[in-house]
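Scroll down for the structure; my scribbles are underneath it.
Protein chains: 2
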Amino acid sequence: MSHGVQGYNPRTGEPFGEPVAKTPDSEVDRIASAAAVAFSAWSVVAAADRAVVLEKVADALDAESSLLVSTADSETALGTPRLTTELKRTTNQLRLFAEVLREGSYVEATLDSPNPDIIPPRPVLRRVLRPLGTVAVFSASNFPFAFSVAGGDTASALASGCSVVVKAHSAHPSTSRETARVVVDALREAGAPEGVFGIVHGTEAGVALVKHSAVRAVGFTGSTGGGRALFDLAQGRPDPIPFYGELGSVNPTVILPGAATPDIAEGFAQSLTMGVGQFCTNPGLVFAPESLVPALGEAVAATSGGAMLNERMCDSYKAGTDALAASDLVSVVSTGTRPDEAWAVAPLLFATPVEVFEQNLEKLTEEHFGPAALIVTYSSPSELHSVLAKLPGTLTGTVHAAESDHAEAGEIAEVLRRVAGRLIFNAWPTGVAVAWGQHHGGPWPATTNPLHTSVGATSIRRWIAPVTYQSWPDALLPAELKDANPLGIPRRVDGVLGVH
Amino acid sequence: MSHGVQGYNPRTGEPFGEPVAKTPDSEVDRIASAAAVAFSAWSVVAAADRAVVLEKVADALDAESSLLVSTADSETALGTPRLTTELKRTTNQLRLFAEVLREGSYVEATLDSPNPDIIPPRPVLRRVLRPLGTVAVFSASNFPFAFSVAGGDTASALASGCSVVVKAHSAHPSTSRETARVVVDALREAGAPEGVFGIVHGTEAGVALVKHSAVRAVGFTGSTGGGRALFDLAQGRPDPIPFYGELGSVNPTVILPGAATPDIAEGFAQSLTMGVGQFCTNPGLVFAPESLVPALGEAVAATSGGAMLNERMCDSYKAGTDALAASDLVSVVSTGTRPDEAWAVAPLLFATPVEVFEQNLEKLTEEHFGPAALIVTYSSPSELHSVLAKLPGTLTGTVHAAESDHAEAGEIAEVLRRVAGRLIFNAWPTGVAVAWGQHHGGPWPATTNPLHTSVGATSIRRWIAPVTYQSWPDALLPAELKDANPLGIPRRVDGVLGVH
Numbered sequence: 001m002s003h004g005v006q007g008y009n010p011r012t013g014e015p016f017g018e019p020v021a022k023t024p025d026s027e028v029d030r031i032a033s034a035a036a037v038a039f040s041a042w043s044v045v046a047a048a049d050r051a052v053v054l055e056k057v058a059d060a061l062d063a064e065s066s067l068l069v070s071t072a073d074s075e076t077a078l079g080t081p082r083l084t085t086e087l088k089r090t091t092n093q094l095r096l097f098a099e100v101l102r103e104g105s106y107v108e109a110t111l112d113s114p115n116p117d118i119i120p121p122r123p124v125l126r127r128v129l130r131p132l133g134t135v136a137v138f139s140a141s142n143f144p145f146a147f148s149v150a151g152g153d154t155a156s157a158l159a160s161g162c163s164v165v166v167k168a169h170s171a172h173p174s175t176s177r178e179t180a181r182v183v184v185d186a187l188r189e190a191g192a193p194e195g196v197f198g199i200v201h202g203t204e205a206g207v208a209l210v211k212h213s214a215v216r217a218v219g220f221t222g223s224t225g226g227g228r229a230l231f232d233l234a235q236g237r238p239d240p241i242p243f244y245g246e247l248g249s250v251n252p253t254v255i256l257p258g259a260a261t262p263d264i265a266e267g268f269a270q271s272l273t274m275g276v277g278q279f280c281t282n283p284g285l286v287f288a289p290e291s292l293v294p295a296l297g298e299a300v301a302a303t304s305g306g307a308m309l310n311e312r313m314c315d316s317y318k319a320g321t322d323a324l325a326a327s328d329l330v331s332v333v334s335t336g337t338r339p340d341e342a343w344a345v346a347p348l349l350f351a352t353p354v355e356v357f358e359q360n361l362e363k364l365t366e367e368h369f370g371p372a373a374l375i376v377t378y379s380s381p382s383e384l385h386s387v388l389a390k391l392p393g394t395l396t397g398t399v400h401a402a403e404s405d406h407a408e409a410g411e412i413a414e415v416l417r418r419v420a421g422r423l424i425f426n427a428w429p430t431g432v433a434v435a436w437g438q439h440h441g442g443p444w445p446a447t448t449n450p451l452h453t454s455v456g457a458t459s460i461r462r463w464i465a466p467v468t469y470q471s472w473p474d475a476l477l478p479a480e481l482k483d484a485n486p487l488g489i490p491r492r493v494d495g496v497l498g499v500h
Numbered sequence: 001m002s003h004g005v006q007g008y009n010p011r012t013g014e015p016f017g018e019p020v021a022k023t024p025d026s027e028v029d030r031i032a033s034a035a036a037v038a039f040s041a042w043s044v045v046a047a048a049d050r051a052v053v054l055e056k057v058a059d060a061l062d063a064e065s066s067l068l069v070s071t072a073d074s075e076t077a078l079g080t081p082r083l084t085t086e087l088k089r090t091t092n093q094l095r096l097f098a099e100v101l102r103e104g105s106y107v108e109a110t111l112d113s114p115n116p117d118i119i120p121p122r123p124v125l126r127r128v129l130r131p132l133g134t135v136a137v138f139s140a141s142n143f144p145f146a147f148s149v150a151g152g153d154t155a156s157a158l159a160s161g162c163s164v165v166v167k168a169h170s171a172h173p174s175t176s177r178e179t180a181r182v183v184v185d186a187l188r189e190a191g192a193p194e195g196v197f198g199i200v201h202g203t204e205a206g207v208a209l210v211k212h213s214a215v216r217a218v219g220f221t222g223s224t225g226g227g228r229a230l231f232d233l234a235q236g237r238p239d240p241i242p243f244y245g246e247l248g249s250v251n252p253t254v255i256l257p258g259a260a261t262p263d264i265a266e267g268f269a270q271s272l273t274m275g276v277g278q279f280c281t282n283p284g285l286v287f288a289p290e291s292l293v294p295a296l297g298e299a300v301a302a303t304s305g306g307a308m309l310n311e312r313m314c315d316s317y318k319a320g321t322d323a324l325a326a327s328d329l330v331s332v333v334s335t336g337t338r339p340d341e342a343w344a345v346a347p348l349l350f351a352t353p354v355e356v357f358e359q360n361l362e363k364l365t366e367e368h369f370g371p372a373a374l375i376v377t378y379s380s381p382s383e384l385h386s387v388l389a390k391l392p393g394t395l396t397g398t399v400h401a402a403e404s405d406h407a408e409a410g411e412i413a414e415v416l417r418r419v420a421g422r423l424i425f426n427a428w429p430t431g432v433a434v435a436w437g438q439h440h441g442g443p444w445p446a447t448t449n450p451l452h453t454s455v456g457a458t459s460i461r462r463w464i465a466p467v468t469y470q471s472w473p474d475a476l477l478p479a480e481l482k483d484a485n486p487l488g489i490p491r492r493v494d495g496v497l498g499v500h
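Order-wise, the sequence lines are chains H and F. Quick note on numbering: the first sequence equals residues 1 to 500 in full-length UniProt numbering. Quick note on numbering: the second sequence equals residues 1 to 500 in full-length UniProt numbering.
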């Protein structure tokens with residue numbers, strides 16, 4: 001056992017707080033095994049009771065907001081206003097899942113009457129979704145609350161009836177430890193089974209978790225490289241398990257001619273530089289008429305960067321953008337201000353014609369995590385269809401269009417929806433609402449599984465799997481499937497959806 | 001290019017029909033690329049129109065029933081009655097998907113109103129499921145119709161709006177070719193885009209298909225070994241794709257004391273030997289009181305085996321059951337008759353005490369594909385909980401119980417539902433109804449993904465992925481998401497399900 005995981009203040013580069021001990025393999029085994037035991041109890045707690053527990057966890061986190069936010073600000077430099085909002089988003093997320101549990105249709109209860117006369121004959125069938133078991137959750141660096149210890153993966157997995165073991169992110173160990181303390185205490189007070197939630201620290205502990213026989217699924221938010229390595233581990237197990245990774249995303253934005261007016265530039269620059277550009281939905285790739293380049297350039301020149309989450313990200317952003325600036329494939333349009341902080345970077349805007357972009361697609365769609373974007377200039381929107389279709393899978397695709405562009409916007413959407421999980425009209429991709437209709441996903445490498453989302457009500461579906469009861473006596477069926485529908489939930493009966 | 005794929009008559013061991021040419025890589029590429037082009041057109045055909053096309057394919061297959069059944073009987077020896085029923089099951093499956101398309105809730109249309117006051121603010125969000133692209137379907141040996149060229153994977157993928165390329169199974173090349181001919185002609189006559197369905201032959205062609213960049217998902221039914229190899233290929237791609245494999249299954253049946261009467265034996269023997277035991281849901285593992293062994297043995301002794309689907313399966317069954325018979329872990333209870341046909345085998349029944357079984361779990365849960373079963377004898381049902389929890393993932397788990405066993409049956413179900421996809425009460429696992437509430441899946445190695453089924457209405461979900469439209473103008477939205485709900489389908493509006 002080497003040193004612990006040390007947090008740093010990105011503004012000063014100095015250590016923050018005490019190092020948090022790396023979790024040895026024996027302890028990972030103990031925590032995962034305890035979570036598996038807790039699963040047996042938690043998975044049979046009624047959904048309405050799990051909802052109450054989630055709300056109590058949300059309340060407990062809200063009550064500790066000042067401590068959590070100030071700790072996170074010291075470790076991430078994301079600032080108090082953003083972190084306060086992010087924590088609220090995190091607790092509202094727990095509350096949305098409480099609502100999902102009470103509504104009840106997430107279990108997809110399905111009842112079929114028998115029919116002996118069709119081929120093949122149909123017995124009485126009743127289908128319901130049940131939790132998978134213990135879930136491993138890998139925290140993200142860039143959302144120390146919303147995609148971290150008590151974030152979306154944890155909230156949706158606990159909601160589903162799964163137990164959870166979180167691998168904390170090394171960029172905010174103290175925030176992770178404090179959040180875990182609040183969650184563990186709140187779960188205990190709410191009467192959830194001991195061990196239903198656990199946390200481990202250190203890269204090796206994360207690897208041990210993905211390989212652990214008690215772990216039945218994995219949620220991950222992070223880089224394409226790190227995600228791919230863990231995905232390969234999960235799929236290479238003797239018993240492969242579902243792995244839900246949200247990885248890299250270029251987030252193309254198409255500004256159509258009618259919308260290409262200078263007043264669009266400020267919104268772009270804000271979206272690009274928010275959180276020092278450390279968003280998976282950062283608008284890093286903008287297709288625009290050449291005439292718009294000066295306005296976009298001026299807007300970015302007026303922005304200020306900030307300290308990135310850790311030294312590695314800062315170095316990687318600088319190296320990547322330096323190499324791009326030095327290449328003859330793009331020109332540098334403008335640079336924002338770099339504040340005088342240890343790991344600070346400056347926003348950067350590049351440009352290249354669409355022909356050059358299309359010929360160098362792989363190189364020019366490399367994600368430079370941070371506040372950098374590439375404008376791809378075009379003369380006519382018709383030049384865009386083939387190149388948009390070739391883009392790597394992405395979380396979002398955005399179109400800015402005036403009334404006169406609507407027909408073209410529709411055609412572009414038909415192309416974009418095959419590479420992107422969310423299509424945005426006349427807005428910017430940063431900001432991901434937590435809602436029934438949200439989808440935060442997309443084809444590889446946006447995620448490792450295009451069917452699933454890590455944000456929104458349906459993210460719970462990643463942790464639940466069907467079981468069908470055939471000819472089972474009513475008294476022995478789960479409440480969701482009993483004849484009388486005692487829970488009063490929406491069900492599909494002989495093909496028809498309704499509360500029956 | 002070596003020889004073609006040669007079919008054989010399992011009753012005589014003689015070649016049947018002409019060899020079917022193996023598909024060279026260049027042709028696989030052409031077929032997959034054509035399917036990708038066809039996808040663009042097919043994926044935007046209205047669901048109600050796709051429903052009509054599926055029904056026309058079903059009608060065309062029914063119209064060619066005699067030719068298809070007689071060809072399949074020559075290549076599989078499964079017999080005319082079973083194959084006639086299986087073809088009807090196959091066409092009814094196409095018709096169920098037509099019903100699913102018309103009902104329309106399978107796209108999970110979800111509409112959220114904006115709310116600027118919550119954190120984070122919610123814009124107008126509209127979510128719908130859209131087809132993934134071109135799907136590769138690997139046919140099974142044991143269902144030459146229902147899990148083959150026009151089987152469940154093909155039907156659900158075409159229904160979803162995906163295009164399909166089938167890898168034919170080498171055990172019935174002529175049946176595959178004839179079925180494909182009927183399907184292609186029917187699709188063309190119904191106006192579906194050229195190339196929306198294709199077929200390839202040969203192992204190498206299958207490998208090329210899984211690696212092809214145009215293929216966006218794979219469906220597979222077959223052995224654990226073969227499925228694992230293709231799963232690894234699909235996950236090892238530079239862009240991993242969803243792989244849905246239905247692999248091996250031991251299908252435990254627990255006969256509780258009150259139900260352990262001799263009259264249960266005949267149903268067991270029938271289920272075991274149906275189709276020469278070549279079912280993925282074959283009841284290969286029976287937990288029963290020792291007192292029931294003689295009756296089960298007599299019932300199996302009265303059965304007759306039959307010719308297996310191919311020589312390799314026949315040899316593998318014989319080698320596996322010979323080795324088991326020679327081991328001192330089990331005793332041979334009885335043997336059925338082996339008919340005088342080339343690749344015929346005899347049913348076989350083994351027994352072992354639960355303690356021996358639990359100590360040799362891995363060896364004794366090896367699947368011997370064919371009409372062989374192992375009785376695990378117990379004294380008290382309480383001995384079963386720990387061993388059932390340790391079973392490998394399985395498609396089905398069955399409990400036979402009298403009224404006096406109900407409490408125990410409920411406890412056993414709680415254990416079984418964690419390893420099995422379908423729980424059956426007082427019936428046998430063979431026979432898989434095609435219905436809204438069916439689930440034909442389970443944890444590894446029953447399948448490669450416990451969230452999905454290869455039978456039933458929800459099998460369509462394997463081929464569709466969400467896209468969310470944010471703040472998009474109504475006129476440019478897909479019909480499923482327009483304000484007025486012009487298709488009249490069930491949707492979730494602000495969290496509430498209904499036709500609105």
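Ideal Cβ placement from N, Cα and C applies to all residues, glycine included. The structure presented is a predicted model; accordingly, all values stated were derived computationally and were not measured.
Counting only C-beta atoms, is residue i closer than 8 Å to chain H at any point?
| i | result |
| --- | --- |
| F:Asn142 | no |
| F:Ala325 | no |
| F:Glu103 | yes |
| F:Tyr469 | yes |
| F:Trp436 | yes |
| F:His439 | yes |
| F:Asn282 | no |
| F:Thr221 | no |
From the DSSP output, which residues share a beta bridge with residue i?
| i | result |
| --- | --- |
| H:His400 | H:Ile255 |
| F:Thr203 | F:Thr203 is not bridged to any residue. |
| H:Gln470 | H:Leu125 and F:Ile424 |
| F:Arg492 | F:Thr110 and F:Leu497 |
Have a look at the options and flag the residue whose alpha-carbon is nearest the alpha-carbon of residue i.
| i | options | result |
| --- | --- | --- |
| H:Tyr8 | H:Val165, H:Ala109, H:Gly488 and H:His172 | H:His172 |
| H:Val399 | H:Leu324, H:Gln470, H:Val135 and H:Trp428 | H:Trp428 |
| F:Arg177 | F:Ala72, F:Lys390, F:Thr458 and F:Glu480 | F:Ala72 |
| H:Ala234 | F:Val493, F:Lys22, F:Trp444 and F:Ser454 | F:Trp444 |
| H:Val354 | H:Ser382, H:Thr394, H:Val432 and H:Gly306 | H:Ser382 |
Any idea if residue i is buried or exposed, counting beta-carbon neighbours within 10 angstroms, 16 or more meaning buried?
| i | result |
| --- | --- |
| F:Thr203 | exposed |
| H:Thr80 | exposed |
| F:Ala229 | exposed |
| F:Pro238 | exposed |
In terms of residue numbering, what span does the beta strand (DSSP E) encompassing residue i cover?
| i | result |
| --- | --- |
| H:Asp112 | Thr110 to Asp112 |
| H:Glu18 | Pro15 to Val20 |
Would you please verify whether the beta carbon of residue i is less than 8 Å from any beta carbon of chain F?
| i | result |
| --- | --- |
| H:Leu132 | yes |
| H:Leu242 | Note on residue identity: the sequence assigns Pro, not Leu, to residue 242 of chain H. It does: the Cβ of H:Pro242 has a partner Cβ on chain F nearer than 8 Å. |
| H:Leu406 | This sequence places His at residue 406 of chain H; Leu is not what is there. So, interface residue. |
| H:Ala413 | yes |
Sorry if obvious, but does the Cβ on residue i come closer than 7 Å to a heavy atom of the ligand PLP?
| i | result |
| --- | --- |
| H:Gly245 | No copy of the ligand PLP occurs in the structure displayed, which carries no ligand at all. |
Identify the continuous alpha helix (DSSP H) that holds residue i and give its terminal residues.
| i | result |
| --- | --- |
| F:Thr175 | Pro173 to Glu189 |
| F:Glu341 | It is not in any alpha helix (DSSP H) - F:Glu341 carries neither H nor E in the DSSP assignment. |
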